[in-house]
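Here is the structure we will look at.
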Amino acid sequence: MSNGPHAKLAELGLELPEVVPPVASYVPAVQSGQHVYVSGQLPMAEGKLLGTGKVGAGISAEQAKDLAQRCALNALAAVDSLVGLENVVKVVKVTGFVASAPGFTGQPAVVNGASDLLGTVFGEAGRHARSAVGVAELPLDAPVEIELIVEVA
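For the sequence shown, our numbering gives the first residue as 34, with consecutive numbering after it.
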């Protein structure tokens with residue numbers, strides 16, 4: 034399975050991290066029927082946020098795009114731990130929340146960090162519906178949060 038999702042991640046120089054432990058009363062992902070719903074993932078690595086603050090004031094859109102990619106990687110780790118990435122048939126929906134400074138309107142470009150990663154890892158099956166939402170605050174002062182819905186075999 035040299036062209037599977039794990040191989041694609043390796044080609045990108047990425048590996049799945051450990052599943053990020055929940056910061057409140059929820060589970061990282063849950064399967065219902067043929068879908069896995071992934072809780073909102075923050076840009077965490079080794080138990081720490083990789084950035085804090087508002088996009089457009091302290092966090093650049095390009096930094097936030099990279100952080101969104103990390104959120105997606107954390108979401109994939111949650112999927113993998115529950116059902117295995119090789120069982121993903123389709124990325125159905127991505128919702129991205131961007132903690133935005135007043136006047137910042139580049140939320141879609143930020144959430145592209147997650148969307149681009151999913152498209153690269155899953156090819157056509159990674160193309161998805163999406164929302165990119167600007168918000169005043171996110172948990173732990175995170176700049177971005179990404180949640181996924183994927184269909185599995």
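By construction, the Cβ of each residue, glycine as well, lies at the ideal position given by its N, Cα and C atoms.
As the structure is a prediction and not an experimental result, all values here were calculated from the model.
Please classify residue i: does DSSP put it in a helix, a strand, or coil?
i    : result
G197 : Residue 197 cannot be examined here, being either before or after the span of the chain that is shown, 34 to 186.
V154 : helix
A169 : coil
M34  : In this prediction, M34 has a pLDDT of 44, which is less than 50 and means its spatial position is unreliable; what the coordinates show is noted afterwards. Coil, per DSSP.
V144 : helix
D174 : helix
Checking 9 Å against the spacing of the C-beta atoms, do residue i and residue j come in under that value?
i    : j    : result
L181 : L75  : no
A162 : K98  : no
K126 : A158 : no
G80  : P176 : no
N145 : A101 : yes
G139 : G89  : yes
S133 : G167 : yes
F155 : V121 : yes
Between which two residues does the alpha helix (DSSP H) carrying residue i extend?
i   : result
E51 : No alpha helix (DSSP H) contains E51, which DSSP labels as neither H nor E.
E44 : P38 to E44
With 9 Å set as the bound, which would you pick, yes or no: does the beta-carbon of residue i sit closer than that to a beta-carbon of chain D?
i    : result
A110 : Of the protein chains in this structure there is only one, and it is not chain D.
I'd like the span of the beta strand (DSSP E) that includes residue i, first residue to last.
i    : result
V177 : V177 to V185
V63  : A62 to S65
Should residue i go down as buried or exposed, given a rule of 16 or more other Cβ atoms within 10 Å for buried?
i    : result
M34  : Bear in mind that a pLDDT of 44 at M34, under 50, signals an unreliable position, so the model cannot answer this.
G55  : In the sequence under discussion, the amino acid at residue 55 is Pro, which differs from the Gly named in the question. So P55 counts as exposed.
R160 : exposed
E170 : exposed
P135 : exposed
E178 : buried
L45  : exposed
message: In chain order, what are the residue ranges of uninterrupted alpha helix (DSSP H) at least 4 long that sit wholly in the stretch 67 to 140?
response: 94 to 115, all fully within the stretch 67 to 140.
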